[in-house]
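Here is the structure we will look at.
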Amino acid sequence: MLLVPCPHCGPRNQSDLRLLGASVPRPDPNATSRAEWGDYLYLRENPADWITESWYCRSGCRRYFSIERHQGTNEFRIPPLPGNKLGTSTYTTITVGSSGTQAGANAPGEDDRS
Ligand SMILES: [Zn+2]
Numbered sequence: 006m007l008l009v010p011c012p013h014c015g016p017r018n019q020s021d022l023r024l025l026g027a028s029v030p031r032p033d034p035n036a037t038s039r040a041e042w043g044d045y046l047y048l049r050e051n052p053a054d055w056i057t058e059s060w061y062c063r064s065g066c067r068r069y070f071s072i073e074r075h076q077g078t079n080e081f082r083i084p085p086l087p088g089n090k091l092g093t094s095t096y097t098t099i100t101v102g103s104s105g106t107q108a109g110a111n112a113p114g115e116d117d118r119s
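Sequential numbering of the sequence shown, starting at 6, is according to the working numbering.
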């Protein structure tokens, strides 16, 4: 079970949200071959690294949001957004452990994308 940090209403149980999948840029349908369109629809990379996912907060704020998750450790990184209840002006890494959720800002310059 994951605690997914919704940027609008805070950490929520995974069952309160719906994972929509990895965020992949949609190709232009008029300039894409059938094979490329099929790759876009059905093929996803599965790296043991950070990926950007889209989630829907179906039991909370009912908003869509994108968040980065490390597929090896299930840590989350929240982009700095206005009104973000979890983050600050820098990326925030959320580590879910046996004692609950811990949030903390990354070291300066480590993941600072602002
Ligand atoms: Zn929410």
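Think of the CB as a built atom: it goes at the ideal place given N, C-alpha and C, for glycine as much as any other residue.
Q. Cα-Cα, which of W60, H75, Y61 and S71 is closest to A53?
A. Nearest option by C-alpha distance: H75.
**Request:** Could you tell me whether any non-hydrogen atom of ligand 1 is closer than 7 Å to the CB of R17?
**Result:** Yes, since a heavy atom of ligand 1 falls inside the 7 Å radius drawn around the Cβ of R17.
For this session: Could you check if R17 is buried or exposed, using at least 16 other CB atoms within 10 Å of its CB as the buried criterion?
Result: Answer is buried; the Cβ neighbour count reaches 16.
ask   = Counting Cβ pairs closer than 8 Å, one from the segment 11-25 and one from the segment 36-52, do we hit at least three?
value = Contact fails: fewer than three Cβ-Cβ distances are below 8 Å.
**OP:** Check whether the Cβ atoms of W60 and R82 sit closer than 8 Å, and answer yes or no.
**Re:** The Cβ atoms of W60 and R82 do not sit closer than 8 Å to each other.
For L46, count the other beta carbons within 10 Å of its own beta carbon; 16 or more makes it buried, fewer makes it exposed. Which is it? Exposed, since its Cβ has fewer than 16 Cβ neighbours within 10 Å.
State yes or no: is the C-beta of D75 nearer than 7 Å to some heavy atom of ligand 1? Rather than Asp, the amino acid found at residue 75 in this sequence is His. It does not: the Cβ of H75 is nowhere closer than 7 Å to a heavy atom of ligand 1.
key: For review: beta carbons within less than 5 Å of any heavy atom in ligand 1   = Result (chain order): C11, H13, C14, C62, G65 and C66.
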